[in-house]
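Taking it in order: structure first as structure tokens, then the write-up.
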Amino acid sequence: MVKYDSHIDVLFRDRLCDMEVLPPESVWENIKPVLNNRRNKGLFFKIAAGIAVLTSLGLMAYFYSGMVFDKTGNQPLSATGNSLTALFDASYININVVSEKDIQLNGPLPNTMATDSRTEPDNVSNIMPDQIINHNDVNLVFEEPENSILRDNNTPDEVSGRGNPSVILISEILPVEPINETKKDKKWQLGAIVSPTYLSSNLKTANEVLSQINDNEGGVLSYTGGISVSYKMSNRLSIQTGLYYSSLGREIKGVTSYSGFSPYASSKGGVIFGVETSSGTVNSTNNDIFLSDVSANRIDGYYSVDNFDPVKFNLTPYGDQLRQSFEYLEIPLMVRYKFIDSKLDFNILGGMSYNFLIGNQTWAMNNKGSKVLIGSTEGVDHLLLSSSLGMSMEYEISENFSLNFEPHVRYFLNTGGDLGSGNPYTFGIFSGMHFKF
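Count the sequence shown with the numbering used here and you get residues -15 to 421, in order.
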């Protein structure tokens, strides 16, 4: 029996070497997508390989370029082994500078120096090894600075490496930006203010005589001044108090005064005439002044035009009006709210004030501005409670001083006198200077 399997290779070579068989068309449709997919994968790998090569070349050029650029845009500094390669950002770094002379005298550097165990060529044996930098000290060895910025700068002698070992600050080499200290907020404010004040009244009465009294009276321009103290509770809210002197006045028209009445006045003294006003009764104790009221029945006394004629007894006319003057010591308690905070601040303020009567005088006046004291007003309240409302404009002329302009309206809660049911009120414009601390 012939064994054909032993020469199967020879059989295929001799009989089937030129034989070609085409596969079915359906098989080719399945093979074509696989070939296209392989082409796409080959293109992807080529692009990835190109990017990797470019990235590697860029990194090699960056690390081996030997140039270090200054952050501020100056010329690049040479990064060599024998010179200072960069400037430190820290403002305060202690640098122990060790000169080459000290190395020769004192031996090798301490163990803080990082040595390289590899054998170095002879031509680079003089290059100092890299140093280990800790967070506190930087040990550097200088031969001759090649950096033009450091060579031209006015550095201490220790930096050149020729002096004794010392400790220098990096701030002596580099300019240090000043540290902006936080400004201390000034809480207190002390001020001196003054204001002209006008007193008015709204007396309400059904009595014809009292109504005529009120019609013949008017306010007088007076003044107020004192010291104020305020405390800043927040950026916009503050409280204020102080001590003010306030002078208020009223003018009484239609009362004629004559001088030279003392020879005819009673020798007993005391009150000679009483004049009814909206603030109370004016008690005249000056026996040289005779008072008469021809337009209204406001004067009460033993002497009147019915039993004494000043013209017949040759008395000298002095004036035709009286002036009441009331002096108060005011203690306010105000609250301020700043609604505009700028170079020119605007504040709304309001509060209460206690007014203590410390002066009460009445004068006889003439057209020339002369006056003579005749007495005081009886029935005036010694304590007045008032409420205030106003607006303040504050202009800062410096960090500690400011100018203030404050229109105020003050309304008295009690009448201040025995007559009528009206409440007086005042209007003033305060101005002054304040000191902050």
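Note that the Cβ used here is the ideal one computed from N, Cα and C, for glycine as well.
- Fewer than three Cβ pairs drawn from the region 285 to 297 and the region 332 to 351 lie within less than 8 Å of each other, which leaves the two stretches out of contact.
- Between residue 214 and residue 228, the C-beta spacing is not below 9 Å.
- By a beta-carbon distance limit of 8 Å, residue 254 does not contact residue 265. Their separation comes to about 14 Å.
- A straight-line Cα-Cα distance of about 6 Å links residue 238 and residue 277.
- Taken in chain order, the complete beta strand (DSSP E) segments of 3 or more residues contained in the region 323 to 378 are 328 to 349 and 355 to 362.
- DSSP places residue 394 inside the beta strand (DSSP E), whose first and last residues are 385 to 396.
- Straight through space, the alpha carbons of residue 261 and residue 275 are spaced by roughly 14 Å.
- By the 16-neighbour rule on beta-carbons within 10 angstroms, residue 222 is buried.
- CA-to-CA, the gap between residue 224 and residue 306 works out to about 37 Å.
- The three-state secondary structure of residue 37, taken from DSSP, is helix.
- For residue 321 against residue 220, the beta-carbon gap comes to about 6 Å, under 8 Å, which counts as contact.
- 9 Å or more divides the Cβ of residue 343 from the Cβ of residue 180.
- Between residue 389 and residue 408, the C-beta spacing is not below 9 Å.
- In the DSSP assignment, residue 417 forms a beta bridge with 176 and 387.
- Each residue's CA atom was taken as its position, placing residue 13 and residue 32 some 30 Å apart.
- Of 353, 1 and 312, the smallest CA-CA separation from residue 367 is found for 312.
- As the crow flies, the alpha-carbon of residue 0 is around 20 Å from that of residue 8.
- In this structure residue 243 is in contact with residue 300, their Cβ atoms being roughly 5 Å apart against a cut-off of 8 Å.
- Classified as exposed, residue 37 has fewer than 16 neighbouring CB atoms from the shown chains inside 10 Å of its CB.
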